[in-house]
Amino acid sequence: MKLLVIAHRGDSKNAPENTLSSFKNALEMEADGIEMDVQLTKDAQLVVIHDERVDRTTDGIGFVKDFTLKELKRLDAGIKFDKKFSGERVPTLYEVFELIGNKNFLLNIEIKSGIMLYSGIEEKLVKAIKANKFEDRVIISSFNYNSLRNIKIIAPELKTGLICQCGIVEAWHMAINMQAFSFHPFYLNIIPNIVEACRRNNIKLFPWTVDRKEDMEIMINYGVDGIISNNPGALINLLKKKTNMS
1 MKLLVIAHRG
11 DSKNAPENTL
21 SSFKNALEME
31 ADGIEMDVQL
41 TKDAQLVVIH
51 DERVDRTTDG
61 IGFVKDFTLK
71 ELKRLDAGIK
81 FDKKFSGERV
91 PTLYEVFELI
101 GNKNFLLNIE
111 IKSGIMLYSG
121 IEEKLVKAIK
131 ANKFEDRVII
141 SSFNYNSLRN
151 IKIIAPELKT
161 GLICQCGIVE
171 AWHMAINMQA
181 FSFHPFYLNI
191 IPNIVEACRR
201 NNIKLFPWTV
211 DRKEDMEIMI
221 NYGVDGIISN
231 NPGALINLLK
241 KKTNMS
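Residue numbers (UniProt numbering): 1 to 246.
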């Protein structure tokens, strides 16, 4: 099976993370999918942004939850990355769906429900996915077990992925218990036993965020199913070289 190249927040090395420019780059370089983060605005709109606050990635200040969509759209989501991206906006989830269209492209949508608990975000996300016919092209992931459990109750047919940064063995058992489609550990915490356990239980293994070539080689040799990377172009080139050598 082909190893999937999943661009972390899009092509975040060469464009502002979680923006349409970043996602377009990932499409054009022929990545297999993107990882992105969703949160809710003050008026309960699904928007794509990683941090609970807008300060780091835009020219605004404050929490995402305190902005209406109209207010959030006034912020510049590109200028802090590079002046040439001035005018880039925080996208809505629907704008990302429109960008992808009918392409065979994976969307790994992470629900940000750790610091801020967004009431009803799971229901809104499922409704949006179904309305745009992305059921077969989406993995809904989160660090929050309860959020993924809610997804399974609302839409058991949708794929879910549990993310973990530490406590990999405990998290693995949680992934098994919730019948997750995939397991997303921090790459430095992967151990051979977990790789084997994923294979035995038919759970896909997608480590994050693997950015250096030497670490990519290690993950490839482990036999992971996909790699989430801030440097998807380098990973694509590495896989092409391996294909040409075989």
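By construction, the Cβ of each residue, glycine as well, lies at the ideal position given by its N, Cα and C atoms.
C-beta atoms of residue i and residue j nearer than 9 Å
i, j, result
"F181", "K159", "yes"
"I227", "L3", "yes"
"D11", "L106", "no"
"E95", "T57", "no"
"T41", "F67", "yes"
"I140", "I153", "no"
"M29", "I236", "yes"
Status (buried if at least 16 other CB within 10 Å, exposed otherwise) for residue i
i, result
"I121", "buried"
"C166", "exposed"
"P232", "buried"
"T19", "buried"
"residue 247", "Outside the displayed span of the chain (1 to 246) sits residue 247, for which this structure offers no information."
"D43", "exposed"
"R74", "exposed"
"L125", "buried"
Option in the options with minimal Cα separation from residue i
i, options, result
"E157", "A175, Y145, F143 and K130", "K130"
"L93", "F186, A7, A128 and M116", "A128"
"D51", "D76, V64, D43 and D59", "V64"
"N14", "L72, D82 and V47", "D82"
"A77", "E71, F85 and K70", "F85"
"F143", "I111, M219, M245 and K124", "I111"
"V54", "E123, P91 and M174", "P91"
Beta-carbon separation (whole angstroms), residue i vs residue j, contact threshold 8 Å
i, j, result
"Q39", "Y118", "7 Å"
"E35", "N108", "4 Å"
"I49", "D37", "6 Å"
"W172", "F183", "6 Å"
"L239", "D225", "With a Cβ gap of about 13 Å, L239 and D225 do not count as contacting."
Inset, instruction - Identify every run of the alpha helix (DSSP H) within the segment 126-208, keeping only runs that are complete inside it and at least 4 residues long; order them along the chain. - result: 145-154, 168-177 and 192-200
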